[in-house]
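These protein sequence lines are chains A and B, in that order. Heads up: the first sequence begins at 451 in my numbering, then just goes up one per residue. Heads up: the second sequence begins at 451 in my numbering, then just goes up one per residue. Yeah, the Cβ is synthetic: ideal placement off N, Cα and C, and Gly gets one too.
2 protein chains.
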Amino acid sequence: MEFQPPKGTRDLYGKEAKLREDLKEILKLIFQKYGFLPLESPIIENLSVLTKKSAGGSEINKEIFKLKDQGKRDLGLRFDLTVPLCRFISNNPQVKIPFKRYNIGEVFRDGPIKLGRYRQFTQADCDVIGVNSSIAEAELLKLTNDVFEKLDINYEILINSRVLVNEILEYCNIKEDKQEQALLSIDKLIKIGKAGVINELKEKRISESSINKLFDILENKNSLEDLSIIAPNGVSQIKELIKLLNIFKVKNYKFDITLARGLNYYTGTVFEVYSLNTKIKGSILGGGRYDNLISSFTDNKLNYGAVGISFGIDPIIEILKDKQKIPNITKVYIISINQLEKSIEILNELRKNNINSDIDLLQRGISKSLDYASKLEIPYVIFIGEKEAKINKLKLRSMQTGEEELLSLNELIKKLK
Amino acid sequence: MEFQPPKGTRDLYGKEAKLREDLKEILKLIFQKYGFLPLESPIIENLSVLTKKSAGGSEINKEIFKLKDQGKRDLGLRFDLTVPLCRFISNNPQVKIPFKRYNIGEVFRDGPIKLGRYRQFTQADCDVIGVNSSIAEAELLKLTNDVFEKLDINYEILINSRVLVNEILEYCNIKEDKQEQALLSIDKLIKIGKAGVINELKEKRISESSINKLFDILENKNSLEDLSIIAPNGVSQIKELIKLLNIFKVKNYKFDITLARGLNYYTGTVFEVYSLNTKIKGSILGGGRYDNLISSFTDNKLNYGAVGISFGIDPIIEILKDKQKIPNITKVYIISINQLEKSIEILNELRKNNINSDIDLLQRGISKSLDYASKLEIPYVIFIGEKEAKINKLKLRSMQTGEEELLSLNELIKKLK
Chain A
451 MEFQPPKGTR DLYGKEAKLR EDLKEILKLI FQKYGFLPLE SPIIENLSVL TKKSAGGSEI
511 NKEIFKLKDQ GKRDLGLRFD LTVPLCRFIS NNPQVKIPFK RYNIGEVFRD GPIKLGRYRQ
571 FTQADCDVIG VNSSIAEAEL LKLTNDVFEK LDINYEILIN SRVLVNEILE YCNIKEDKQE
631 QALLSIDKLI KIGKAGVINE LKEKRISESS INKLFDILEN KNSLEDLSII APNGVSQIKE
691 LIKLLNIFKV KNYKFDITLA RGLNYYTGTV FEVYSLNTKI KGSILGGGRY DNLISSFTDN
751 KLNYGAVGIS FGIDPIIEIL KDKQKIPNIT KVYIISINQL EKSIEILNEL RKNNINSDID
811 LLQRGISKSL DYASKLEIPY VIFIGEKEAK INKLKLRSMQ TGEEELLSLN ELIKKLK
Chain B
451 MEFQPPKGTR DLYGKEAKLR EDLKEILKLI FQKYGFLPLE SPIIENLSVL TKKSAGGSEI
511 NKEIFKLKDQ GKRDLGLRFD LTVPLCRFIS NNPQVKIPFK RYNIGEVFRD GPIKLGRYRQ
571 FTQADCDVIG VNSSIAEAEL LKLTNDVFEK LDINYEILIN SRVLVNEILE YCNIKEDKQE
631 QALLSIDKLI KIGKAGVINE LKEKRISESS INKLFDILEN KNSLEDLSII APNGVSQIKE
691 LIKLLNIFKV KNYKFDITLA RGLNYYTGTV FEVYSLNTKI KGSILGGGRY DNLISSFTDN
751 KLNYGAVGIS FGIDPIIEIL KDKQKIPNIT KVYIISINQL EKSIEILNEL RKNNINSDID
811 LLQRGISKSL DYASKLEIPY VIFIGEKEAK INKLKLRSMQ TGEEELLSLN ELIKKLK
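Laid out in structure tokens, this is it:
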């Protein structure tokens, strides 16, 4: 126990860590292609920023890791990357609008541990600040298309609108003070089923007639035309979004009336991405519009439309682990048989040619070295003994086939590159 | 104040954040070239791990950010990447030896703030576990050569040995219980000068005769031959290291008798890198051998030689900022003049061809858009109006020269790629 990482955290080593690095790199390049610039904000924030009334909501406040510095300042570990972004905008009112930034980083929630749920996890966020039109959403979802195509993951984007959901709740006589609670339950429909949601709504003292009315709509009125009388503003918001999605040629999206999203700062469109035919049942991306969050930080001094998406690095990695053959990092392992100087000369040359190479630092001899290379799944080994040093050739062995060939240094470099 | 990042931390945005990303990417590729595999350990560690007697020493213990989870477990933010590595090895005794890992990540020290010194900063570490011979040091310093050559930074590697320093202290009649304290003072020689060090040593109740003897050696006996009688073990350690440095063809190293390194876990060779002709006076890399740290974690159950280096990302960035023209991230900005559909079509094509592109999301017209592109230092803009849409040509303007040309989409892509 003593040397395990803290509860809810983990060590990632070798191939899995490499896969994460590669995924982050792919995301970064796509984010930059779409005009997003990097922001690295600190992992620690002032606690007052994290607990701003409208930021995470009371559910998340309980899960903030709190700490103090030696000057007794109240601090906390960030629980997402959106609140730090709003804090940054509030602190830098001179930034040019629209402000498009990405941030890939670690976030922390001191919550219950479940399978695949950690207390430290990684998010990759893109946000557009200062654009009220759905063009911002459309661009973000086009980017979403690009990412999952690049990763070769089958997926579906669900879209909905908080405005629409609130209009429906209103229509069902669920009053404003209970709407947020109702929303949190509806959001669990896929997870806990109809009976589960009804139970929760009853516990939250929502009347049976409201619940019946609500499920009548959720189950039967899934087309925008059906909903346009009950929820005119929400429907027109969704229609405007769909118009722009089509201009951007966004693919794989679907309107889903039950989508609500847990966080209470969303004000307009909301979206989630689910993978198809994988073991990951939860969403792999979430996002939406949060037009009031920045103004709530600045007492309305800055009033910006804002919309963002957040990729869940951890569930995406789980999918990639199952489908990808993770490439080896180290390509070749040099085994010196009493030829250290010659071997290091070759090693330097290989590395100079950008070939990931390693050498038996313990000079343990052939069989132990072969065992090591095999355990580390290094695909090639090179033997350098007296004979090889003399004729200036190198013996390369493929660890998969066992085949060996004598090569000059140049031939070797060409083969391994 | 309210929206500033916490004391001792900062937000990094745009070009500076990009420069850091690029630097980390360069380091990663070189680390992998040298056979190091990535380890991502959590930012939070159990406090008992961080405060292990021989880990950071009492000076650092005071600077640990402490926190608790809801289960009242005592936790802390890591202050370096070496202690988590030792914890990982202790928790995974089955790892194959030699174990070579890199880790690039954020570390935290709740200490005094100075110019260029932060409470959250980034380290990039390479360590070799399980090798007692200086071949591990030589490989790490060859890697160091590669990194600073790639970054085009002039530098000098200083090398010394703790064994040698301890032998000298012994010779000067400074007893074991005062050696660590003496070491910390000697290490400040460049920073606070001879008088400063003498003052500190006197405060630490080291006798005048010891101090005189010590400075006689530090100032006059800088050659290994001179020192070989006083410090036979240290000198032979340095000679063995130099032999291997020469086999690896390591450049730019120099023996420096005054180098001691602050951290008290070093047991053998120590090294630091200083940049030449830059404004950064402190070291930009530090490292050394810490053979007893892992065994102190495991009550001697695992007894591994260990040696590592740590690149200071923050000072290196300061140097790069001064010397490099940081490349633009976004290459081209599309200004639509009532041609949104056509413009988005072009935008999609550019991005499909991996050209970092953006579009006027607010549709604000020409002059505001040009101002925006100029403020964001985007080198090219494209105008798409009715005429351009009709003749299927695009007007490209260079923001630097003001030159404009009409191009087909293919010509445009060729030019911007």
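By the rule that beta-carbons nearer than 8 Å mark a contact, residue 577 (chain B) does not touch chain A. Counting C-beta pairs closer than 8 Å gives three or more between the stretch 606 to 618 of chain B and the stretch 714 to 721 of chain B, which meets the contact rule. According to DSSP, residue 704 (chain A) shares a beta bridge with A:608.
Taking a cut-off of 8 Å for Cβ pairs, the stretch 600 to 611 of chain B and the stretch 781 to 788 of chain B do not touch, as fewer than three such pairs fall below it. In the three-state reduction of the DSSP assignment, residue 808 (chain A) falls in the strand class. Within chain A, the residues placing a beta-carbon under 8 Å from that of residue 822 (chain B) are 546, ordered along the chain. Per DSSP, residue 714 (chain B) has no beta bridge partner at all. By alpha-carbon distance to residue 580 (chain B), the top candidate from B:670, B:570, B:549 is B:549. Beta-bridge pairing by DSSP links residue 832 (chain A) to A:784, A:846. For the pair residue 558 (chain A) and residue 473 (chain A), the Cα-to-Cα distance works out to about 20 Å.
Not a single CB atom of chain B sits nearer than 8 Å to the CB of residue 754 (chain A). Taking 8 Å as the cut-off, the Cβ atoms of residue 572 (chain A) and residue 749 (chain A) do not count as close. In the displayed model, residue 643 (chain A) falls within a helix according to three-state DSSP. Under the Cβ criterion of 8 Å, residue 484 (chain B) is counted among the residues facing chain A. Note on residue 815 (chain B): under 16 other CB atoms within 10 angstroms of its CB, so exposed under the neighbour-count rule.
Cβ contact annotation for residue 682 (chain B) (same chain, cutoff 8 Å, sequence separation greater than five): 617, in chain order. Apart from sequence neighbours up to five positions away, the residues of its chain that approach residue 730 (chain A) with a beta-carbon distance below 6 Å are 765, 768, 769, ordered along the chain. Counting C-beta atoms within 10 angstroms of its own C-beta, residue 838 (chain A) has 16 or more neighbours from the protein chains shown and is therefore classed as buried. By alpha-carbon distance to residue 466 (chain B), the top candidate from B:484, B:457, B:605, B:771 is B:771. Counting only runs of at least 4 residues, the stretch 468 to 521 of chain B fully encloses the following alpha helix (DSSP H) elements, listed from N- to C-terminal order: 497 to 500, 508 to 511.
Secondary structure note for residue 459 (chain B): it is in no beta strand (DSSP E), with a DSSP letter that is neither H nor E.
By the Cβ-count criterion, residue 679 (chain A) is exposed, with fewer than 16 other Cβ atoms from all chains shown falling within 10 Å of its own Cβ. Using a Cβ distance threshold of 8 Å, residue 635 (chain A) and residue 654 (chain A) count as a contacting pair. Counting the other Cβ atoms within 10 Å of the Cβ of residue 699 (chain B) gives fewer than 16, which makes it exposed. Taken through DSSP and simplified to helix, strand or coil, residue 576 (chain B) comes out as strand.
The beta carbon of residue 518 (chain B) is closer than 7 Å to those of 524, 525 in its chain, skipping five residues each way along the sequence. Residue-level contact by beta carbon holds for residue 586 (chain A) and chain B, with a gap shorter than 8 Å.
When CB distances to chain A are screened at a threshold of 7 Å, not a single residue of the stretch 644 to 677 of chain B falls below it. The distance from the Cβ of residue 847 (chain A) to that of residue 836 (chain A) is about 18 Å, inconsistent with a contact at the 8 Å cut-off. Going by beta carbons, residue 864 (chain B) and residue 856 (chain B) fall outside the 8 Å limit. In the displayed model, residue 561 (chain B) falls within coil according to three-state DSSP, outside both helix and strand. In chain order, 765 place their CB closer than 7 Å to the CB of residue 732 (chain A), counting only its own chain and leaving out the 5 sequence neighbours on each side. When C-alpha distances from residue 675 (chain A) are compared across A:686, A:703, A:665, the shortest belongs to A:686.
The bridge partners DSSP lists for residue 524 (chain A) are A:518. For residue 529 (chain B), no alpha helix (DSSP H) segment is defined, and its DSSP state is neither H nor E. A residue is called buried when at least 16 other Cβ atoms come within 10 angstroms of its Cβ; residue 459 (chain A) meets this threshold and is buried.
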